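Input: a single structure, listed below in structure tokens.
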Amino acid sequence: MAIESVRLAIPKGNTEVSALFRSLGYSLPDDFDNSRNYIVPVAGRNIEFILAKAVDIPTYVEYGAADIGIVGKDVLLEENRDVYELMDLGISKGELSVWSMFAEARTIPRVATSCPKFVQRYYRERGIQVEIIKLNGGLELSLLTGVANCIIEVYNTETSNHLFKLEKICTTSLRLIANRASYQIKHSIIQRLYEEMIAVRS
């Protein structure tokens, strides 16, 4: 009888995630955070890691390429994939907020963000007209150059470069997610990992 195992997708190079698993007693390679491999088995454990871009992890989990995954709440909101969100790991904490160089919001916000699908849903649900500009980083530059009059971004501090925080949308952190079928079929091993993570947090 084959030993049940799971594939866990994690953000490549995220040292907080590797530190979490080392604290759980996982023997990870010394070069794990900088590994050139995409799939890394763990000695003595019935688990192998998929090292992926954070934005792709919900997709890998939804389609079953990974049974479970670890990804930021902001990515989950943007990708809106059909997965189970099992727990808040309480690491890589931040705050998804609306920021501007002005103390008050403009009449029609022109928002630069790296999560346009979520932002579109967010404003539509509130009946607010908004222009959305998708950028892949360095969002504050869009304010300095006048491309946008506000940005929606995750920061882990209350202020950023003298910007005004107009609105807090939500708190973000890394979450453990699962493929819906895998959660049923491989429930025992996923539950053991879940309990390990609960224990290390307490």
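Counted from 1, the sequence shown has number 3 at position 3 by UniProt numbering; the numbering is strictly sequential.
Here a beta-carbon is modelled for each residue, glycine too, at the ideal position from N, C-alpha and C.
Just so we're clear, the structure is a prediction, and the values are computed from it rather than from any experiment.
Length of the line joining the Cα atoms of residue i and residue j
i    : j    : result
A9   : R175 : 12 Å
T15  : V147 : 34 Å
V98  : L28  : 38 Å
E195 : H187 : 12 Å
L135 : P41  : 35 Å
D74  : G138 : 17 Å
N34  : R106 : 43 Å
R126 : I169 : 12 Å
V17  : L193 : 14 Å
P11  : L77  : 16 Å
DSSP state of residue i mapped onto helix, strand, coil
i    : result
I10  : strand
A148 : coil
R192 : helix
I57  : helix
D88  : strand
T15  : helix
R106 : coil
A52  : strand
L174 : strand
V154 : strand
Bounding residues of the alpha helix (DSSP H) (the contiguous stretch that carries residue i)
i    : result
A181 : R180 to I185
Cβ-Cβ separation, residue j to residue i (assumed contact under 8 Å), whole Å
i    : j    : result
T172 : E95  : 7 Å
G64  : A181 : 7 Å
N156 : V61  : The Cβ separation is near 25 Å, so there is no contact.
V130 : I152 : Wrong, their Cβ atoms sit about 10 Å apart, outside the cutoff.
Run of the beta strand (DSSP E) containing residue i, from where it starts to where it stops
i    : result
S100 : G94 to S100
P41  : I39 to P41
F118 : Run containing F118: none in the beta strand (DSSP E); it sits in the alpha helix (DSSP H), P116 to E125.
E79  : E79 -> not in any beta strand (DSSP E); alpha helix (DSSP H) instead, spanning K73 to E79.
I112 : Checking the sequence, you will find Ala at residue 112 rather than Ile. Note, A112: beta strand (DSSP E), R110 to T113.
E4   : Note, E4: premise wrong, no beta strand (DSSP E); not H, not E.
I133 : E131 to K134
According to DSSP, residues forming a beta bridge with residue i
i    : result
K168 : S97
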